[in-house]
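Participant:
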Amino acid sequence: MSDIETFRSEARDWLEANCPAGARGPDSVLPDVVWGGRRQTFAHDDVKIWLERLIERGWTVPRWPTQYGGAGLTEEQDKVLREEMRAIGTRSPLFSFGMAMLAPVLMEYATEEQKLEHLPKIARGEIRWCQGYSEPGAGSDLAGLQCRAVREGDHYTINGQKIWTSDADVSDWIFALVRTDTEVPKHDGISFVLVDMETEGVSVSPIELISGASPFCETFFDNVRVPIGNRVGEENKGWTIAKRLLQYERSMLAESTGVGSGASTRRQSLLEVARESLATPEGQLPDAGLRDELVQYEMDRLCYGATYQRSTDAAKAGQGMGPESSMFKLYLSEMNQRGSDLRQRLVGHVSLVWDGEDVPAEEREMTRGWLYGKAGTILGGTSEIQMNIIAKRVLGLPD
Amino acid sequence: MSDIETFRSEARDWLEANCPAGARGPDSVLPDVVWGGRRQTFAHDDVKIWLERLIERGWTVPRWPTQYGGAGLTEEQDKVLREEMRAIGTRSPLFSFGMAMLAPVLMEYATEEQKLEHLPKIARGEIRWCQGYSEPGAGSDLAGLQCRAVREGDHYTINGQKIWTSDADVSDWIFALVRTDTEVPKHDGISFVLVDMETEGVSVSPIELISGASPFCETFFDNVRVPIGNRVGEENKGWTIAKRLLQYERSMLAESTGVGSGASTRRQSLLEVARESLATPEGQLPDAGLRDELVQYEMDRLCYGATYQRSTDAAKAGQGMGPESSMFKLYLSEMNQRGSDLRQRLVGHVSLVWDGEDVPAEEREMTRGWLYGKAGTILGGTSEIQMNIIAKRVLGLPD
Amino acid sequence: MALVLTEEQELLRDSARGFVADQWNIDRLRKLRSMSSGRGHDEDLWKQMAELGWTGIPFAEEYGGLGLGYAELGVVLEELGRGLVVAPFLSSIVLAGSAVALGGNDAQRKSLLPGVCDGTRLLALAYQESPRHDPYAIATAARLDGDDYLLSGRKVLVLDGESADLLVVAARTGGSTGDRDGLTLFLVASDVPGLTLKRNVLLDSRCAVNIELDNVRVESNSVLGAPGTGADVLDEVFARAAVALSAEMLGGIQESFDRTVEYLKERDQFGVKIGTFQGLKHRAARWFCEVELTRSIVMDALRAIDEQREQQAMLASACKARASDTYRLCGKEGIQMHGGMGVTDEADIGFFMKRARVSELLLGDSTYHRNRFAELGGY
Amino acid sequence: MALVLTEEQELLRDSARGFVADQWNIDRLRKLRSMSSGRGHDEDLWKQMAELGWTGIPFAEEYGGLGLGYAELGVVLEELGRGLVVAPFLSSIVLAGSAVALGGNDAQRKSLLPGVCDGTRLLALAYQESPRHDPYAIATAARLDGDDYLLSGRKVLVLDGESADLLVVAARTGGSTGDRDGLTLFLVASDVPGLTLKRNVLLDSRCAVNIELDNVRVESNSVLGAPGTGADVLDEVFARAAVALSAEMLGGIQESFDRTVEYLKERDQFGVKIGTFQGLKHRAARWFCEVELTRSIVMDALRAIDEQREQQAMLASACKARASDTYRLCGKEGIQMHGGMGVTDEADIGFFMKRARVSELLLGDSTYHRNRFAELGGY
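Chains as they are written, first to last, in numbering that gives the first Met the number 0: chain A, 0 to 398; chain B, 0 to 398; chain C, 0 to 378; chain D, 0 to 378.
1) For the region 312–344 of chain A, which residues have a beta carbon sitting closer than 9 Å to at least one beta carbon of chain C?
2) From LEU118 (chain A) to SER8 (chain A), what distance separates their C-alpha atoms?
3) Just verifying my parser: in three-state terms, what is the DSSP assignment at MET373 (chain C)?
4) Residues of chain D with CB closer than 7 Å to the CB of ASN222 (chain A), please, in chain order.
5) Starting from GLY193 (chain C), find everything on chain A with Cβ-Cβ shorter than 8 Å and list it in chain order.
6) Using 8 Å as the Cβ pair cut-off and three pairs as the minimum, do the region 83–101 of chain D and the region 151–165 of chain D touch?
7) Any idea which residues DSSP pairs PHE96 (chain A) with across the strands?
8) For ARG290 (chain A), decide whether its Cβ has a neighbour in chain B, counting only Cβ atoms nearer than 9 Å.
9) Quick check on the DSSP output: what are the complete alpha helix (DSSP H) runs of length 4 or more inside the region 35–75 of chain D, in order along the chain?
10) Counting only the same chain and skipping the five closest in sequence on each side, list residues whose C-beta sits under 6 Å from that of GLY21 (chain A).
11) With a threshold of 8 Å, are at least 3 pairs of Cβ atoms found where one atom belongs to the region 206–220 of chain D and the other to the region 43–56 of chain D?
12) With H, G and I counted as helix, E and B as strand and the rest as coil, what does DSSP make of ARG230 (chain B)?
13) Compare the C-alpha of THR65 (chain B) against each of B:SER95, B:LEU115, B:ASP221 and name the closest.
14) Are the CB atoms of GLY278 (chain C) and GLU383 (chain A) within a distance shorter than 9 Å?
15) Is there a C-beta anywhere in chain B that falls below 9 Å from the one on MET352 (chain D)?
16) From the beta carbon of ALA287 (chain A), is the nearest beta carbon of chain B less than 9 Å away?
17) Under 9 Å, Cβ to Cβ, is there at least one residue of chain D near ASP412 (chain B)?
18) Out of C:MET34, C:LEU111, C:ALA225, which one is the CA nearest neighbour of ALA95 (chain C)?
19) What is the rounded straight-line gap between the Cα of LEU28 (chain D) and the Cα of GLU78 (chain C)?
20) List the residues of chain B whose Cβ lies closer than 8 Å to the Cβ of MET298 (chain C), in chain order.
21) Can you check which of these residues, A:ASP286, A:SER332, A:TRP172, is closest to GLU126 (chain A) by C-alpha distance?
22) Does the region 146–153 of chain A come within contact of the region 193–213 of chain A, defined as at least 3 CB pairs closer than 8 Å?
23) What residue does the alpha helix (DSSP H) around ASN17 (chain B) start on, and which one ends it?
24) Is the beta carbon of PRO25 (chain B) within less than 8 Å of some heavy atom of the ligand GTP?
25) Are the CB atoms of SER350 (chain A) and LEU360 (chain C) nearer to each other than 9 Å?
26) Quick one: using the 10 Å Cβ neighbour count with 16 as the cut-off for buried, is MET0 (chain A) buried or exposed?
27) Identify the contact partners of LYS264 (chain C) in chain A, using a Cβ-Cβ distance below 9 Å as the criterion.
28) Please classify GLY282 (chain B) as buried or exposed, where buried requires at least 16 neighbouring CB atoms within 10 angstroms.
29) Measuring straight from C-alpha to C-alpha, what distance separates ASP286 (chain A) and GLY211 (chain B)?
30) Hey, could you find the ends of the alpha helix (DSSP H) VAL260 (chain C) is sitting in?
31) Quick one: is THR176 (chain C) buried, meaning 16 or more other Cβ sit within 10 Å of its Cβ, or exposed?
32) Could you give the distance in angstroms between the alpha-carbon of ARG300 (chain A) and the alpha-carbon of SER365 (chain D)?
33) Report the start-end ranges of each alpha helix (DSSP H) in the region 106–136 of chain C that is 4 residues or longer and not cut off at the edges.
34) On the premise that ALA284 (chain C) lies in contact with ALA305 (chain B), defined as a C-beta separation below 8 Å, what is that separation, rounded to the nearest angstrom?
35) Just the chain C side, please: which residues come within less than 9 Å of SER133 (chain A) by C-beta, in chain order?
36) Across the region 226–246 of chain C and the region 317–328 of chain C, are there enough close Cβ pairs to call them in contact, namely three or more that are closer than 8 Å?
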């Protein structure tokens, strides 16, 4: 038996023995995401048990080195592990911005001390992280940020405001971009710092969106003292780290909204929605214009899916698509908006209800979701920024 | 009887007595346009007679002062005259760029001597004018023109090249923008000059377009000597005149392609085309997508027509639309392209023929026309320039 | 009629604009949407509008109206739409009011319209049953029982139905769902036994009710006009209402455009105003064209009603289709150009997008009207 | 199969690209369009392509082919499309060649395909009769006369028909125009009595003929396969050909995009490169997305044929619809961004627009394929 087959067999046995009933198969009670952090609660014991057992084995982050809380698996082993987990209908119960966005840049830019301090807590889901990038005045001009960190002996004093800090109200620490030099070109005076949100002077206020309550917050820093040692990388060199982290963020967004199982479930339902809502007894859609739009949307999804597949295949073949990731963000966010909008028009009048006694809660949620989707072309880099990136980085058009 | 009623009665009598049979009613043989000029020929005597009689009465340009070849009519009289001409199914047989574009700026900026020299010849159709504005290197950046006029004593020596000079190969004179100062900002070194195309050193070469032969030419100036007295306005102040002339050009384009009888004939035929080509025996269009496009086009035409009407009504009420004329150019040229394109797709395979033995000549002409229409969003100010103008002049967006 | 405002219409516009500026603000929408019961509009505001005579604009003087036309009605509606005012104008005056004016017999008109004109009586039209606007897709049955009718069925999206005293209910006295024939309009008091209202707050903070009719007994004299004439009346009502609604939408279209252009001039990014970016400039220029085209077709369609032009119904469809598409564009571009601010509840621009969506689906979206236009045109 | 080129496919692409660069230039299109008679392509060029084996790519080795797949065919077609090469590839290899390979009996395949594979025999498919692609709208009648058939009717837009030795003609042995049933394919020599060809040069300088059949007598063994199986064969031929044509279109799409982006980098206006204008940048960025999406669906649809995936036909429609729309966009934006130069015959960009239009209407435009996609998907 080859090494990898041995690994597969051992993994299978361990999963069989350790994955509790509530975390697998059709009876799985795993929530969509367990984000971890100090305020994490568990609706079911099996979820907690499953998380604890995975943490113990380093399998919440299987490819991380063991000293950081991982299991040091190879890419091949990781793939096998995922296959075996899928086979019994389970997955890792832990996902977080810390894992997907912060950890990769810590691995690359942090000191060994910082890594040992923060990575294991991420791997174990002890600390939940949020992102302090955007500011109200800066918008798409991320590097135009004003949040100021003044060095005073062994600490920085931070004053300023961040916006769109997702889940800041339920997070424990924040990684933030701050201005440490105001005399130089804007990209050259930025540092990347880690801030415990329990520090005095940090306060958080949730943002209400057009769709109602939201995970987004404003985060205020009022004379917040942060040790110099919480800075990652050199002072004033934070922009490099910031950009790298954005790449991880875009990858995460592309994967999480990609053509995975979720999207195909939704696909199913859009055509079904049309049939249920409007079709003749023979299943034909009588409204030619809507039928045409639905077809166009379905075709676009096929094209997008093939493009996503091509990019994955190209990456496997060592031909990365690079800044083309902006294309995915641009196209997908708009396609999702179109799909969501079309769905609303297909279901008609119930989609117009903000609140009321005669409309099912899930319909109201769909409407909120449609509204929330309007943010898809703005947050995480507006469509305009994505087009700028494509024009400059992919097409090489002059500034 | 009021003055205006007297005028109407006299005009009617004169028209009745003087408009020859071939120039009126259903038997009219008037060509679409008689452009005038030294090379004008007449396919029918009645056309020539009608032109001569109108010239004599000053009615080719009824509102112009009599000393310039007009009849000095008031706006009201002019309107009545047009009504009476429509009543017997005739119109002025003369139309030219000289009348529509050059004459209004001569009236405003030329010396009395220049007016007396040129306007009567325009009114009588003796001289045909063409426009020397665009240059190959300048494109939309009209003011970036390079055609150079160097002052030497009592004349300028002109060297350079113009492009898109419509009908230059059949015109007698050209009004041209030339650079008389290269040391100042580009808008400040331009002069507006009138050049007899029989002058030594002027040569013309027709341009072949994607649709085949075209009215457009390149016009070359090789040491062309032009008297200083042929300059209109002050030296280096030509840009003001140039811009004013462009406004007259846009008005002319909007009117000539507006929602007049021509357009509504065409409207008729687009729906008929669809029916002939594709409809079921009941007159329904089976192809839902094409039907939808056709409807959208028809609706857009209604909207455009109402907008044109509104602008006319506003002008009558003294509320000119000003730079909104860019909207007409932008929207109309694109709408026409869409209509023409849709027609081609409706008629299908015959629209694909460039040349051949089995396709009627008028179909080939339609195809050439569709191709020629591609120039509609480029020549006379690209759509991009129109959008710039709207953004700046109408919306007041900053530079 | 020329496609410009007359002096009188300009005065009316200025008066309406001033009223809206003084008496209304968008913040009220934030309050209205959280009210789970009661009237969905401000009664005091409605009273003032009635006192200004606006509620009587399209009705003949003999019924207490001003005997003006849709050109004038459109002027007022545009200003109300510009401010996103919530008032039962479309529901009581245009939809149900027109149904009575066009379909009622003289006694019914005399008894009902004066109250509509002076704003003291609120009507609502209950017709829709299918997910999307589809005037003949009516299954609600009106069954003769002696001299009375018994009505049974379910209506959705009855705009301002929660505050209406009297409902105009479309039901079948013949034919089956989808048929044009066999429709009859009934006048039904909103508090009769067997009738249940369920209140919904819409996206744009307006109210609409769903209605259950369970053997609701009405007398035969509550038939509006004559039995079987429902579709004739509804066709005309919808053609007019689509144009009136478009006029209201035009106000929101213009205002959301104007606000966004202002924002482009004010907002700094990368050290310059975002209005300097050509990408946004060109989109703003195209958007401007759409706004202007919408204004033109709305003005033309309003006048076509007053002139009783033959093309009226086709123009109405062209008008509502264009207004729907343009307002939708306003929602999309308005929010996008406002960036992150645009998706917060704090910014007003989102309310225009929400009003755009409700208005779009009311009385048929552009897909519906392109189809209807084609049918009317015979292709 | 992964959506990347294998090493072998990359070699094939490089070889094809080199061949096109060495042997062809767009100026030839200017010459071809003015030829009023003769073959519409360069025979020498065709011979060379045959010697390179390209003409045999999709056919089984037993018939003299290379036994490769559509993935490989697509690679070559893309490069031909990139150069706007004129050659009877689509007509003889893909359309008529596939018809014989899919519909012919063994004797027919053995007798015809070797000549198709080595390029010495040219076939063409004569099916279209209606203004737009509509596979079952066939009225041409095949009437039994003793043991023979007599064919009468009119065919249009028979691509490269002027150079074909043998025509595959779709005719009715049953049913009536519009029916799927009753179609039969016939092999008809192009020089038989009663058959008249009328030659047209298309916009893109390719040739197509219209054909009159006036009681053309053919023997019963010239039925391709069995009578009545025409629609089965045509359905599959068109699904494959739509994808192959899309691959060819992809080449022109990519090339016209690349050329325009280069132009944006080179052309000065207002003292700067026009590629600095954000209005054009954003349009170029969106255009780039469309090109990439087209490439993906073309690659996927080609592989779906080779893998005989069930979804093949729906993918083919999605593919041809997208390629048609994207190529059309290329024509529009390519010309517009080239400005005045773009509309002159001197500039090459116009030839891409012309090829785009012909390719768009061949085998169904996006309107047709959206409809077909919906039908295949049952909505």
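Beta carbons are placed, not taken as given, at the ideal position from N, Cα and C, and that holds for glycine.
Facilitator: Judging by the given coordinates:
1) GLN336, ASP340, GLN343, ARG344
2) Within the first sequence, the letter at position 119 stands for residue 118 (chain A). Within the first sequence, the letter at position 9 stands for residue 8 (chain A). Cα to Cα, LEU118 (chain A) sits roughly 29 Å from SER8 (chain A).
3) For the purposes of this step, residue 373 (chain C) is taken as residue 374 along the third sequence, with counting starting at 1. The displayed chain sequence assigns Ala, not Met, to residue 373 (chain C). Correct three-state label for ALA373 (chain C): helix.
4) Stepping through the first sequence from its first residue, residue 222 (chain A) is reached at position 223. Under the 7 Å cutoff, chain D gives no residues; its nearest Cβ is about 40 Å from ASN222 (chain A).
5) Indexing the third sequence from 1 puts residue 193 (chain C) at position 194. Here the premise fails: no neighbours, minimum Cβ distance about 17 Å.
6) Between the region 83–101 of chain D and the region 151–165 of chain D there are three or more inter-stretch CB-CB distances shorter than 8 Å, so the stretches are counted as touching.
7) As a working mapping, residue 96 (chain A) is identified with position 97 in the first sequence. Paired residue(s): none; PHE96 (chain A) is not in a bridge.
8) Counting from one through the first sequence, the residue named residue 290 (chain A) turns up at place 291. Yes, because at least one Cβ of chain B sits closer than 9 Å to the Cβ of ARG290 (chain A).
9) 42–50
10) Position 22 of the first sequence, counted from the start, is the residue given in the question as residue 21 (chain A). Same-chain partners within the cutoff: VAL28, HIS43, ASP45.
11) no
12) The residue you call residue 230 (chain B) lines up with position 231 of the second sequence. It is a strand residue.
13) Counted from its first residue, the second sequence places residue 65 (chain B) at position 66. If we check each option's Cα against that of THR65 (chain B), B:LEU115 comes out closest.
14) As a first step, residue 383 (chain A) must be located in the first sequence, where it is residue number 384. As a first step, residue 278 (chain C) must be located in the third sequence, where it is residue number 279. Between GLU383 (chain A) and GLY278 (chain C), the CB-CB gap stays under 9 Å.
15) For this step, residue 352 (chain D) is matched to residue 353 along the fourth sequence. For MET352 (chain D), the answer is yes, since a Cβ of chain B falls inside 9 Å of its Cβ.
16) In the first sequence, counting from the first residue as 1, residue 287 (chain A) sits at position 288. Yes, ALA287 (chain A) counts as interfacial toward chain B.
17) As shown, chain B starts at 0 and ends at 398. That puts residue 412 (chain B) outside it, with no answer to give.
18) Residue mapping note: residue 95 (chain C) aligns to position 96 of the third sequence, counting from 1. Cα-wise, what sits closest to ALA95 (chain C) is C:LEU111.
19) Here residue 28 (chain D) is taken as the residue at index 29 of the fourth sequence, counted from 1. Here residue 78 (chain C) is taken as the residue at index 79 of the third sequence, counted from 1. Those two C-alpha atoms are separated by around 59 Å.
20) Looking up residue 298 (chain C) in the third sequence gives position 299. Near MET298 (chain C) (Cβ distances below 8 Å), the residues of chain B are ALA305, ARG309.
21) Sequence index remark: in the first sequence, residue 126 (chain A) carries index 127 (1-based). In the sequence under discussion, the amino acid at residue 126 (chain A) is Ile, which differs from the Glu named in the question. Considering only alpha carbons, the answer is A:TRP172.
22) With a cut-off of 8 Å, the region 193–213 of chain A and the region 146–153 of chain A do not count as touching, because too few Cβ pairs lie within range.
23) Counting from one through the second sequence, the residue named residue 17 (chain B) turns up at place 18. It spans 2–17 - the alpha helix (DSSP H) in which ASN17 (chain B) sits, taken as one unbroken run.
24) As presented, the structure is devoid of all ligands, the ligand GTP included, so that no description of it is given.
25) Here the question's residue 350 (chain A) lines up with position 351 in the first sequence. Here the question's residue 360 (chain C) lines up with position 361 in the third sequence. Result yes, Cβ atoms of SER350 (chain A) and LEU360 (chain C) sit closer than 9 Å.
26) Your numbering for residue 0 (chain A) matches position 1 in the first sequence. Exposed, by the Cβ-count rule.
27) By one-based count along the third sequence, residue 264 (chain C) stands at place 265. The contacting residues do not exist; LYS264 (chain C) stays about 16 Å from chain A at best.
28) By 1-based counting over the second sequence, the position of residue 282 (chain B) is 283. Residue burial is scored here from C-beta neighbours: GLY282 (chain B) has fewer than 16 other C-beta atoms within 10 angstroms and is therefore classed as exposed.
29) Taking the first residue of the first sequence as position 1, residue 286 (chain A) is located at position 287. Taking the first residue of the second sequence as position 1, residue 211 (chain B) is located at position 212. Between ASP286 (chain A) and GLY211 (chain B), the C-alpha separation is close to 43 Å.
30) Translated into positions along the third sequence, residue 260 (chain C) becomes position 261. Boundaries of the alpha helix (DSSP H) harbouring VAL260 (chain C): 229–265, taken from the DSSP string.
31) Position 177 of the third sequence, counted from the first residue, corresponds to residue 176 (chain C). By the 10 Å Cβ count, THR176 (chain C) comes out exposed.
32) As a first step, residue 300 (chain A) is located in the first sequence; it is residue number 301 there, counting from the start. As a first step, residue 365 (chain D) is located in the fourth sequence; it is residue number 366 there, counting from the start. Going by the C-alpha atoms only, they are around 16 Å apart.
33) Segments of the alpha helix (DSSP H) lying fully in the region 106–136 of chain C: there are none.
34) What you label residue 305 (chain B) is simply residue 306 of the second sequence in a count that begins at 1. What you label residue 284 (chain C) is simply residue 285 of the third sequence in a count that begins at 1. Rounded, the Cβ-Cβ distance is 20 Å, inconsistent with contact.
35) Position 134 of the first sequence, counting from 1, holds the residue named residue 133 (chain A). Result: GLY339.
36) yes
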